[in-house]
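Below is one structure; the comments refer to it alone.
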Amino acid sequence: MSPASPAPAPAAAPVPDAVGEFDVSFLLQHTAHVLATQMTAALAEIGMSPRAHCVLAHATQCERTQAQLAELSDLDKTTMVVTVDQLERAGLAERVPSASDRRARIIKVTPAGAEVVAAGQEIVDRVHRGVLDALPESERAVFVSALNRLAGGHLAVPADSPEGTQAVRRPRQSRR
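Residue numbers are given in our numbering: position 129 of the sequence shown equals residue 137, and the series is strictly consecutive.
Next up, the structure:
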C-alpha cells in the first residue's frame, strides 16, 4: 500500500455536536481537509500540487484566460499569478495573447504539461476511487449524487457579507 493510500479506518459512529444534532460543518470540513492532505501527498509523487494540477487540467480542456482559470479553480488573483508563474518556470504552461482580446492572456499547456496532467489525473482518479471504495457499493452513487446536489444547489454560492459585496472569508491572522 502506498503512503497516499492509508489503511481504511474502522467505521465510526456519526459525530454529534454539543446539542445532539449531527455537526455537518465538522464532517464536511474534516473530510475535505483529510482528502486534501491525501491528494497533496499523492500528487507530490510527480512533483505536482493539487492547485497546479487543477489549473493545468482546466487549461487543457479549452482555451481559457488566466481569470477564467482562477474562477474555475477557486483561486484569488494573487494565488493564480503565483501558480501560473510556477507552471511557466517548470515548462508546463505558458501565457500567450488571446486571439479575441489582446488585453487577456490565455494559459496554454505545453506538451510536457499535458503529460503531467495525464499522470496527475490518474493519481486524482486513484485517490477519488479510494474515497468511494471506503463506502459500501450501494452508497457510492447516492453519496456522489447528494454532494452534486449540494454543490450545485444549496451550497453553490457562498453567503454575501452584510454589505452584500463580498463573499464571507475567514479573517486574516496576524503573523506576529
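Beta carbons are placed, not taken as given, at the ideal position from N, Cα and C, and that holds for glycine.
Looking at the DSSP output, A126 sits in no beta bridge, so it has no partner there. E102 is bridged by DSSP to K116. In the three-state scheme derived from DSSP, where H, G and I count as helix and E and B as strand, D141 is classed as helix. Bridge partners of T45 according to DSSP: none are assigned.
Under DSSP, D82 takes part in no beta bridge, so it has no partner. Under a 10 Å Cβ-count criterion, A60 is classified as buried, with 16 or more other Cβ atoms of the shown protein chains found around its own Cβ. Ranked by Cα distance from E102, the first of V32, R134, E71 and V165 is E71. Taking the Cα positions, S57 is about 6 angstroms away from L51.
When the Cα atoms are used, Q76 and R113 turn out to be separated by approximately 10 angstroms.
Assignment of beta-bridge partners to T73 by DSSP yields I114. A straight line joining the alpha-carbon of Q69 with that of A122 spans about 11 angstroms.
It is roughly 18 angstroms from the alpha-carbon of I54 to the alpha-carbon of D93.
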